[in-house]
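J.:
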Amino acid sequence: MTKKPFLFSLAAVSAAVLLASCASVPAGPTAAELDAETLKLIQVAFRDQGIAKVDRIKQDLGQSACSSDKEPTEAVADAVTAQAKNTVKWPTGGQYIGNWREGERIAQSGRGLTWTDSSAATSANGGSCYNCHQVSKEEISYGTIGPSLYNYGKNRGVRDIMAPTSQPIIEYTWMKIWNSKSYNACSNMPRFGHMGILDEKQIAHVMALLLDPNSPVNK
Amino acid sequence: MKKSPHMTALTAAVLVAAMAPMAVQAQQKSTADGIAEYRKMLEDGNPADLFEAKGEDLWKQKRGPKAASLERCDLGKGPGVVKGTFVELPRFFADTGKVQDLESRLVTCMETLQGFDAAEIAKTPFGRGEMANVTALATWVAASSRGMRFNLPQSHPEEKKSYEIGKRVFFFRGGPMDFSCAGCHSVDGQRIRLQDLPNLTKNPGDGVGFAAWPAYRVSNGQMWSMQLRLNDCYRQQRFPYPGFASDITVALGTYMGVNAKGAQSIAPSIKR
């Protein structure tokens with residue numbers, strides 16, 4: 001009975017101390033509040049233009065998990081990669097490997113999907129590979145955001161694309177191009193198959209560029 | 001025979017290119033050197049000078065429904081002060097209650113002093129009508145701080161908030177290619193094709209990144225303001241269209257500008 005007022009006053013004192021500390025250091029918005037406000041401002045900042053509609057800024061898990069200067073937690077990263085693996089479509093009739101010459105053309109093209117492009121069809125898009133990777137040795141104008149892919153198949157022991165021993169690396173590469181988040185939650189590489197940037201045939205051509213022993217990449 | 005410095009530079013570039021049988025690394029070096037020489041040559045006659053002169057003219061002319069000049073415009077250092085303002089923007093303005101970048105602040109002045117419709121200007125495509133005038137004005141204001149070092153204020157809570165929001169926008173991934181500003185601009189020494197990418201999460205160096213725009217683009221013959229530069233970044237990120245001087249593009253300016261603290265401005269520069 002006698003203790004109650006004491007406890008009450010203790011609570012009042014600590015509340016006053018808290019208030020005082022708040023007053024001396026003006027509390028700015030919390031990180032979570034800033035996150036929420038940023039999303040709100042992004043929603044109102046963009047408008048449709050040509051083929052680039054505002055639904056493009058609705059993030060999926062793979063995008064929202066990788067939108068800060070910090071890596072996602074292991075649990076979130078695992079969820080992203082697991083989800084990504086489930087999205088992968090394997091090529092019809094097992095046609096993994098197309099024509100490396102076509103693949104080189106696709107790798108060179110950085111076109112597609114901007115608001116100044118008239119069509120969002122896969123046929124209008126390139127793979128932009130050289131923007132970020134060294135691919136063949138002949139092309140010296142290549143980017144360095146991604147690792148060099150020169151000798152990609154050769155370095156991985158692909159001597160014959162029909163050999164059963166080549167199958168694991170062929171499947172790995174298909175998965176990586178179809179949905180790069182299958183292996184790395186926050187990969188910088190676009191998810192070419194999953195997001196409809198390239199179709200099965202185009203991806204098979206890029207596969208040939210990387211894996212066919214006759215491709216200049218493996219010379 | 002008297003050779004112009006241009007010819008000497010050109011000859012040197014050709015010679016460098018001719019010394020072919022080298023390692024790939026050395027070849028790249030020579031390509032980068034060639035591009036650097038090309039840029040050096042361009043600096044001698046930067047067409048940005050014309051936009052700069054136009055901007056100064058526009059500042060002093062009596063224009064708009066109120067037939068007034070912009071000479072009482074407050075760009076952050078008091079009415080009429082131009083020099084030194086560019087390297088301290090974006091900043092908070094008490095009269096609008098907002099953090100504004102150079103372009104949005106110029107539009108505010110055009111509305112309050114000259115009677116133009118700010119919303120109408122914001123809707124005008126780049127390079128047209130009053131928007132072209134905003135770009136010219138921005139070019140002149142930037143040129144008036146040439147050689148000065150970036151030092152954005154961060155004392156007002158709204159300025160701190162703008163930085164924090166800009167940082168979040170910088171890392172925001174979206175679009176069909178999952179791109180963000182950070183995807184290309186958060187690591188030192190990377191390139192897209194042969195184009196060097198400045199790391200904009202810190203001071204990328206004098207006259208690089210935020211300290212280089214507005215710039216004259218040789219490839220399309222246009223004067224590009226920072227708002228247009230950001231607009232085209234978003235186009236290439238495959239995002240939808242960002243509104244002119246929207247809160248997020250201004251916040252990106254705050255983020256890059258604060259990060260560039262100490263960097264010397266070379267704006268207006270000249271670009272490929």
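Protein chains in written order, with my numbering: chain A, 1 to 219; chain B, 1 to 272. Think of the CB as a built atom: it goes at the ideal place given N, C-alpha and C, for glycine as much as any other residue.
Which residues in the same chain as Glu-52 (chain B) place their Cβ atom closer than 6 Å to its Cβ, once the five residues preceding and following it in sequence are excluded?
T.: Thr-139, Trp-140 and Ala-143
J.: Check the Cβ-Cβ distances between Met-162 (chain A) and every residue of chain B, and say whether any is below 9 Å.
T.: no
J.: Only counting the same chain, and skipping five residues up and downstream in sequence, which positions put a Cβ closer than 6 Å to that of Met-110 (chain B)?
T.: Cβ within range, chain order: Phe-116.
J.: Anything in chain B within Cβ reach of Gln-49 (chain A), meaning under 7 Å, just list it in chain order.
T.: Within chain B, the residues Pro-240 and Tyr-241 have their CB atoms less than 7 Å from the CB of Gln-49 (chain A), given in chain order.
J.: Identify whether Gln-63 (chain A) lies in helix, strand or coil by the three-state DSSP scheme.
T.: helix
J.: Indicate whether at least one CB of chain B lies closer than 9 Å to the CB of Ile-177 (chain A).
T.: No, because no Cβ of chain B sits closer than 9 Å to the Cβ of Ile-177 (chain A).
J.: Taking 9 Å as the CB-CB limit, is Asp-199 (chain A) close to chain B?
T.: no
J.: The ligand ZN heavy atoms versus the CB of Ser-187 (chain A): any closer than 8 Å?
T.: Because no ligand of any kind appears in the structure shown, any question about the ligand ZN cannot be addressed here.
J.: Helix, strand or coil: which one does DSSP assign to Ala-68 (chain B)?
T.: Strand.
J.: If distances are taken between C-alpha atoms only, which option among B:Ser-69, B:Pro-65, B:Ala-48 and B:Leu-50 comes closest to Leu-58 (chain B)?
T.: The shortest Cα separation from Leu-58 (chain B) among B:Ser-69, B:Pro-65, B:Ala-48 and B:Leu-50 belongs to B:Ser-69.
J.: Would you verify that the beta carbon of Gln-202 (chain A) is, or is not, closer than 9 Å to some beta carbon of chain B?
T.: no
J.: At the level of alpha carbons, what is the spacing between Leu-200 (chain B) and Glu-103 (chain B)?
T.: 20 Å
J.: Can you list, in chain order, the residues of its chain with a C-beta nearer than 7 Å to that of Leu-137 (chain B)? Leave out the 5 residues immediately preceding and following it.
T.: Gly-55, Leu-58, Trp-59 and Leu-106
J.: What residues of chain B sit near Ser-68 (chain A), judged by a beta carbon separation below 8 Å?
T.: Arg-168 and Phe-171
J.: By DSSP, does Ala-290 (chain B) sit in helix, in strand, or in coil?
T.: Residue 290 (chain B) cannot be examined here, being either before or after the span of chain B that is shown, 1 to 272.
J.: Could you tell me whether the stretch 198-208 of chain A touches the stretch 115-126 of chain A, where touching means 3 or more Cβ pairs closer than 8 Å?
T.: The stretch 198-208 of chain A vs the stretch 115-126 of chain A: in contact.
J.: Less than 9 Å between CB atoms is the rule here; does Cys-109 (chain B) satisfy it with respect to chain A?
T.: Answer no: the Cβ-Cβ gap between Cys-109 (chain B) and chain A never drops below 9 Å.
J.: May I ask you to report which of helix, strand or coil DSSP gives Ser-21 (chain A)?
T.: In this prediction, Ser-21 (chain A) has a pLDDT of 48, which is less than 50 and means its spatial position is unreliable; nothing more can be read from the coordinates.
J.: Is DSSP giving Pro-90 (chain B) helix, strand or coil here?
T.: Here Pro-90 (chain B) sits in coil by DSSP.
J.: Could you pull the start and end residues of the beta strand (DSSP E) that Ser-269 (chain B) belongs to?
T.: 269-271
J.: Which class does Leu-197 (chain B) belong to by DSSP, given the choice of helix, strand or coil?
T.: Correct three-state label for Leu-197 (chain B): strand.
J.: Tell me whether the beta-carbon of Gln-202 (chain A) lies closer than 9 Å to the beta-carbon of Gly-127 (chain A).
T.: yes
J.: Where does the unbroken beta strand (DSSP E) through Val-99 (chain B) begin, and where does it stop?
T.: Val-99 (chain B) -> beta strand (DSSP E) spans 98-100.
J.: Where does Ile-288 (chain B) fall in DSSP's three states?
T.: The structure shown does not extend to residue 288 (chain B), since chain B is modelled only from 1 through 272, so no value can be given for it.
J.: Tell me whether Tyr-172 (chain A) is buried or exposed, calling it buried when 16 or more other Cβ atoms sit within 10 Å of its Cβ.
T.: Flag for Tyr-172 (chain A) reads exposed.
J.: Output needed in chain order: residues of the stretch 61-95 of chain B with a Cβ under 7 Å from some Cβ in chain A.
T.: none
J.: So that I know if they touch, is there some Cβ in chain B lying closer than 9 Å to that of Lys-154 (chain A)?
T.: By this cut-off, Lys-154 (chain A) is not an interface position.
J.: Quickly, what does DSSP pair Trp-224 (chain B) with across the bridge? List them, please.
T.: B:Ala-215
J.: Taking the continuous alpha helix (DSSP H) assigned at Arg-168 (chain B), which residues delimit it?
T.: 157-170
J.: What does the Cβ neighbour count give for Val-44 (chain A), buried or exposed, with the cut at 16 atoms within 10 Å?
T.: exposed
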